[in-house]
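The structure under discussion appears below in the form of structure tokens.
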Amino acid sequence: PNLVRIATSATATLCALVLVSGCAPSARQRPIQTSPVATSGDTLEGARRALDGKWTLVSLNVTAPDGRKAAIEAAGTLVSDAFGNLSVEYRMSPAGQKTLEGVGINTPNPVVTTSGRVVIDVDKKQITYVSEKADAKPFDAELAARRNNPFALERPRYYAVDADGLLTLTTRYDDGTAAAVSRWKKSS
Numbered sequence: 006p007n008l009v010r011i012a013t014s015a016t017a018t019l020c021a022l023v024l025v026s027g028c029a030p031s032a033r034q035r036p037i038q039t040s041p042v043a044t045s046g047d048t049l050e051g052a053r054r055a056l057d058g059k060w061t062l063v064s065l066n067v068t069a070p071d072g073r074k075a076a077i078e079a080a081g082t083l084v085s086d087a088f089g090n091l092s093v094e095y096r097m098s099p100a101g102q103k104t105l106e107g108v109g110i111n112t113p114n115p116v117v118t119t120s121g122r123v124v125i126d127v128d129k130k131q132i133t134y135v136s137e138k139a140d141a142k143p144f145d146a147e148l149a150a151r152r153n154n155p156f157a158l159e160r161p162r163y164y165a166v167d168a169d170g171l172l173t174l175t176t177r178y179d180d181g182t183a184a185a186v187s188r189w190k191k192s193s
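Yeah, the sequence shown ends on 193 if you go by my numbering, and it's all consecutive.
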């Protein structure tokens, strides 16, 4: 019995030492070296930061499918946030509407609005609206092509921010030619 008690006591002490030594404080360990998270340049975060805010329309130019070009008299606002929401509103003057009709682009009213959640492709510098539904697939670009509508929600937008801070949004026809080119100045 004494031998069993000593063996049990020794085993318990040994187990306690192993457990305590595993929890014993040690010298400060150095953190793992990592690279900083990119937040500017050609990253999704950089693109979102560049587009974020409220913008005011500077100019709007359209090209009809047959190649006729026109500068459209319009006012507009663009609002983008860090969560992938984009709202673009063009308010055509009566003269602007008449110019659009003159190149064969008919709008049912003087205000054209596109808004919703977007996906940004940094490599292509492309913004595509996606459905509010859970599957969140981009809208059908072929539908926009059939409509020959440069403002169609289904049409991807291509973006560029120049050194002066002006944002250019471009929609394209299937052959790659510019359908609508809008330039925006950040207002906030």
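The beta-carbon is built from N, C-alpha and C at its ideal position, and this holds for glycine as well.
Tell me which same chain residues have a C-beta within less than 6 Å of the C-beta of residue i, skipping the five on either side of it?
i           : result
residue 73  : 108
residue 185 : 67, 155 and 176
residue 119 : 93 and 158
residue 61  : 190 and 192
residue 174 : 162, 164 and 187
residue 134 : 121, 123, 144 and 158
residue 91  : 85 and 123
residue 56  : 85
residue 47  : 127
Please state whether DSSP places residue i in a helix, a strand or coil.
i           : result
residue 171 : coil
residue 157 : coil
residue 54  : helix
residue 103 : helix
residue 110 : coil
residue 120 : strand
residue 77  : coil
residue 18  : helix
residue 13  : helix
With a threshold of 7 Å on Cβ separation, who are the neighbours of residue i within its own chain once the five nearest residues in sequence on each side are excluded?
i           : result
residue 182 : 68
residue 166 : 55 and 172
residue 130 : 163, 164 and 165
Residue i: buried (16+ other C-beta within 10 angstroms of its C-beta) or exposed?
i           : result
residue 116 : exposed
residue 18  : exposed
residue 54  : exposed
residue 79  : buried
residue 170 : exposed
residue 160 : buried
residue 15  : exposed
residue 168 : exposed
Pull the bridge partners of residue i from the DSSP assignment, please.
i           : result
residue 85  : 58 and 91
residue 177 : 183
residue 165 : 173
residue 129 : Residue 129 is not bridged to any residue.
residue 65  : 187
Report all residues from its chain with a CB closer than 8 Å to the CB of residue i; omit the five preceding and five following residues, and keep chain order.
i           : result
residue 102 : 112 and 115
residue 76  : 64, 65, 66 and 104
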